[in-house]
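J.: Numbering (this note's numbering), first residue to last: 28 to 526. Glycine residues also receive a C-beta, built at the ideal position from the N, C-alpha and C atoms. Quick one: structure below, then a few questions.
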């Protein structure tokens, strides 16, 4: 993420003054109360046909298979599931469950969510996990970005200088002898406790904010922007990393409601999960399904597989100031999809196959497992554009995001405020007793779905979701990273954007 350029560090008072101004300007954007104190959105996929109709769809594959490794000869053999096990891992009522599980035995199916477990070779995974073990009280963690999954063909990596001082051999091999900083997200249930322990172990990871103690650090993390606190350019086990700390409830809420798409959007792309948690697995499966539905609302009746994945990958970049300011490679999204097409298939094929309103145009070839490894293949796809199907998809969008879309159409349709509020209450995810309702598309949802400008409005809602939190998070990172590291980060991002 882009960090703002700080023109100078003119002393402690000016820094604190700037920080105070930041807090005052964005105080309204405080994080909500802990996720455990409120009910969460869950959507029943009512557009699904009967179970026998689902079983009639083409088979897909789980993501227990590892992707192609950047280092030849370091990946495990490819394994794929049968069509039956693929369907069984997504039982018809799986979206009815709130993420309120005690352990993995309570998942809807023993293989539920395994599409999220994109594999690397064992040595690289072990090296990443050894890095996470240097940090306290992590409930869920993943590594992401080009340092984990390449976004280029890597042809010049062997001649580039590695940023890692003394990395493990597995990391050097995985990154083909060159190397990039590896990005991590650490979710913790008790933010202040994490920072208290982490400050004792790694005070040098923090900017001047660390001097104020864990309570101030956790307040800055949880209260502003997207609820994340990043420390870039940190060396752990001889490896250069950037890690972001996020409260568990903030991550869970973003996955289910799309408050900011800042964290949920990262998980729309292939990541390497290192520390698992059952509620996050359920919430992220819902997040991935929501990404498919949102992308379908943006796409025409006929499109290709790569166009679908490109649309999904682009969601969290719409409205992101890094893109507008040229702080990202201009072909970043296309590079992600092109070089990770196999991982995208492993991540999404089961979910796509579970929806009755979208299918591969050449379904007969889908039964041949070899297609998933054909990196040049771009299969045509179709979706049913009937208002009933699309109205149901609108209704099943994540709660916060769906409300933004509703507000856009309230203004367009000129619906009075009181009438609109009654409509929102009628479309609530819970009844008066607090029980989950079946999220069937209402008359309003179908009216929205019938509008020709729906793709434009969905894109606008995405922009509204991403823009402000991402901008504030970027501004905040100037304080959390410190002026020197922030300036270095901006320079490197700007250089990448000019490539």
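Do the stretch 488-502 and the stretch 334-351 make contact, defined as three or more Cβ pairs closer than 8 Å?
T.: The answer is yes - the stretch 334-351 touches the stretch 488-502, with three or more Cβ pairs under 8 Å.
J.: Residue 407 bridges to which residues according to DSSP?
T.: 331, per the DSSP bridge assignment.
J.: Among 472, 248 and 333, which has the Cα closest to the Cα of residue 414?
T.: That would be 472, whose Cα lies nearest to the Cα of residue 414.
J.: For the beta strand (DSSP E) that contains residue 386, what are its first and last residues?
T.: Here the beta strand (DSSP E) through residue 386 covers 385-387.
J.: How would you call residue 80, buried or exposed, if buried means at least 16 neighbouring beta carbons within 10 angstroms?
T.: Model confidence at residue 80 stands at a pLDDT of 35, short of 50, so the residue's coordinates are unreliable; what they give is reported in the following sentence. Exposed is the call here.
J.: Secondary structure at residue 289, three-state DSSP: helix, strand or coil?
T.: It is coil, neither helix nor strand.
J.: I'd like to know if the stretch 115-123 and the stretch 150-162 are in contact, where contact means that at least 3 CB-CB pairs between them fall below 8 Å.
T.: Short answer: they don't touch.
J.: Can you grab the Cα-Cα spacing for the pair residue 233 / residue 484, in whole Å?
T.: Their Cα atoms are separated by approximately 41 Å.
J.: For the alpha helix (DSSP H) holding residue 257, just list the boundary residues, first then last.
T.: Per DSSP, residue 257 belongs to no alpha helix (DSSP H); it is in the beta strand (DSSP E), 255-263.
J.: For residue 273 and residue 212, which I take to be in contact (beta-carbon distance under 8 Å), what is that distance rounded to the nearest angstrom?
T.: Indeed they touch by this definition, with Cβ atoms about 6 Å apart.
J.: Quick one: measure Cβ to Cβ for residue 155 and residue 301, integer angstroms, because I've assumed they're closer than 8 Å.
T.: Confirmed, about 6 Å.
J.: Tell me the rounded alpha-carbon separation between residue 444 and residue 509.
T.: Taking the straight line from one Cα to the other gives about 45 Å.
J.: Pull the bridge partners of residue 168 from the DSSP assignment, please.
T.: DSSP, once it has assigned bridges, lists 213 and 302 as partnering residue 168.
J.: Would you say residue 336 and residue 364 are within 8 Å of each other, going by their C-beta atoms?
T.: Cβ atoms of residue 336 and residue 364: closer than 8 Å.
J.: Let me know the secondary structure DSSP gives residue 145 once reduced to three states.
T.: Correct three-state label for residue 145: coil.
J.: From this set, 135, 170 and 357, which residue's C-alpha is nearest residue 151's C-alpha?
T.: Checked all of 135, 170 and 357; the closest Cα to residue 151 is 170.
J.: What residue range does the alpha helix (DSSP H) around residue 507 cover?
T.: Segment 481-508, the alpha helix (DSSP H) holding residue 507.
J.: Counting along the chain, where does the beta strand (DSSP E) carrying residue 274 start and finish?
T.: Counting along the chain, the beta strand (DSSP E) containing residue 274 begins and ends at 266-274.
J.: Among the residues of its own chain, which have a CB less than 8 Å from the CB of residue 451, if the five just before and after it don't count?
T.: Taken in chain order, the residues that qualify are 430 and 433.
J.: Roughly how many whole angstroms lie between the Cα atoms of residue 148 and residue 515?
T.: Approximately 32 Å between the Cα atoms of the pair.
J.: Skipping 5 residues on each side, what residues in its chain have a beta carbon closer than 8 Å to that of residue 179?
T.: Answer for residue 179: 173, 362 and 366, listed in chain order.
J.: How do the stretch 308-327 and the stretch 373-385 stand: do at least 3 beta-carbon pairs fall below 8 Å, yes or no?
T.: Touching, per the Cβ criterion.
J.: What first and last residue would you give for the alpha helix (DSSP H) that runs through residue 432?
T.: Unbroken alpha helix (DSSP H) run through residue 432: 426-440.
J.: Where residue 270 and residue 519 are concerned, what is the direct C-alpha to C-alpha distance, given to the nearest angstrom?
T.: Cα-Cα distance, rounded: 17 Å.
J.: Throw me the rounded Cβ distance for the residue 294 and residue 253 pair, which I believe falls under 8 Å.
T.: With 8 Å as the limit, residue 294 and residue 253 do not qualify as a contact, their Cβ atoms being about 13 Å apart.
J.: In three-state DSSP terms, what is residue 233?
T.: Looking at residue 233 - three-state DSSP - the assignment turns out to be coil, as it is neither helix nor strand.
J.: Select from 259, 347 and 282 the residue whose C-alpha is nearest the C-alpha of residue 425.
T.: Comparing Cα-Cα distances from residue 425 to each of 259, 347 and 282, the minimum goes to 282.
J.: Residue 315 by DSSP, collapsed to three states: which one?
T.: The answer is helix: DSSP assigns residue 315 an H, G or I state.
J.: What's the call for residue 512, buried or exposed, on a 16-neighbour Cβ count within 10 Å?
T.: With 16 or more Cβ atoms within 10 Å of its Cβ, residue 512 is classed as buried.
J.: DSSP state of residue 416, grouped into three classes?
T.: Looking at residue 416 - three-state DSSP - the assignment turns out to be helix.
J.: Applying the 10 Å Cβ sphere with the 16-neighbour rule, what's the burial state of residue 206?
T.: Buried is the call here.
J.: Taking the beta carbon of residue 227 as the centre, do at least 16 other beta carbons fall within 10 Å, making it buried, or is it exposed?
T.: Exposed: under 16 other Cβ atoms inside 10 Å.
J.: Return the CA-CA distance between residue 264 and residue 198, expressed in angstroms with no decimal places.
T.: C-alpha separation (whole angstroms): 11 Å.
J.: Looking at the unbroken alpha helix (DSSP H) that takes in residue 175, where does it start and where does it end?
T.: Note, residue 175: premise wrong, no alpha helix (DSSP H); not H, not E.
J.: Less than 8 Å between the C-beta atoms of residue 329 and residue 407, yes or no?
T.: Yes.
J.: Identify whether residue 348 lies in helix, strand or coil by the three-state DSSP scheme.
T.: Here residue 348 sits in helix by DSSP.
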